[in-house]
Each structure stands twice: as C-alpha cells, then as structure tokens.
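Let me begin by presenting the structure, written as structure tokens, before commenting on it.
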Amino acid sequence: MSNYKQLADFGPETDANEDTQKIADTVKVSLEEKTGRKFAEFKAMSFRSQPVSGMNYIIKICVGRSTYDYIWVRVYNNLDGEVSLTSYRLDKKKDDPIEVFE
Numbered sequence: 153m154s155n156y157k158q159l160a161d162f163g164p165e166t167d168a169n170e171d172t173q174k175i176a177d178t179v180k181v182s183l184e185e186k187t188g189r190k191f192a193e194f195k196a197m198s199f200r201s202q203p204v205s206g207m208n209y210i211i212k213i214c215v216g217r218s219t220y221d222y223i224w225v226r227v228y229n230n231l232d233g234e235v236s237l238t239s240y241r242l243d244k245k246k247d248d249p250i251e252v253f254e
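Taking this note's numbering, I'd label the letters of the sequence shown as residues 153 to 254.
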C-alpha cells in the first residue's frame, strides 16, 4: 500500500511559515545530493499541503536571485514525524503557481 494514498486534494497555495521552513531545511541536503547543486539561499516562500497518512507538502523555495531561481519540492511527513523528499522540480519562477506533481 502506498504512503501517498489520496485522502483529500491539495489545499490552496499559502504563504510559508516557520514550520514550512523547518520542513524545507530537513530535505535540503537530500535535494543538494540529488541535483548536484549547493544552495547558499534556501527560503521557503509558499506551500500546498495534502492530508494523507501523514502529510504531503509541495513547497516553493527561493534558491537565488534570478527569475528561475525557484524550486518546488514535494515532501512527505509521516505520522512519526519523519520527513522525506519525494520529488522536485527545478527552474521555476516566483510567480509560477504551485501545481501538483508526482
């Protein structure tokens, strides 16, 4: 059985907060390893969430100062509080609305 069983749709895009930043910081090293990039800047800007057996998040993160210096990360936070990077999308723009992806 998949951890990603859909129980509800993703909610609307919401401004990031301290909790969102903590979740993003938890997956930063994993993201750097997968992309082969180091991020001096790593600021959660907004997010969407989906309740499942735990919580799925898609977080928009600013990683620089140019137009395409935004990344979306999809993160799973299980019921035990363990956070894992599920997938990501590079080269996003600040004004791109967060879209659901696998």
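Backbone N, C-alpha and C fix where the C-beta goes; we use that ideal spot for every residue, glycine too.
Is it buried or exposed, residue i, if we count other Cβ atoms within 10 angstroms and call 16 or more buried?
i           : result
residue 253 : exposed
residue 225 : buried
Who are the Cβ neighbours of residue i in its own chain at under 6 Å, not counting the five residues just before and after it?
i           : result
residue 239 : 226
residue 229 : 206, 207, 235
Could you name the residues that DSSP lists as bridge partners for residue i?
i           : result
residue 209 : 201, 227
residue 242 : The partner list for residue 242 (beta bridge, DSSP) is empty, contrary to what the question assumes.
residue 195 : 214
residue 167 : 198
residue 222 : 214, 244
Quick check: what's the CA-CA separation for residue i versus residue j?
i           : j           : result
residue 172 : residue 232 : 17 Å
residue 189 : residue 204 : 30 Å
residue 245 : residue 160 : 27 Å
residue 184 : residue 191 : 7 Å
residue 223 : residue 170 : 18 Å
Which same chain residues end up closer than 7 Å to residue i when comparing Cβ atoms and leaving out the 5 residues on each side of it in sequence?
i           : result
residue 198 : 165, 166, 167, 168, 212, 250
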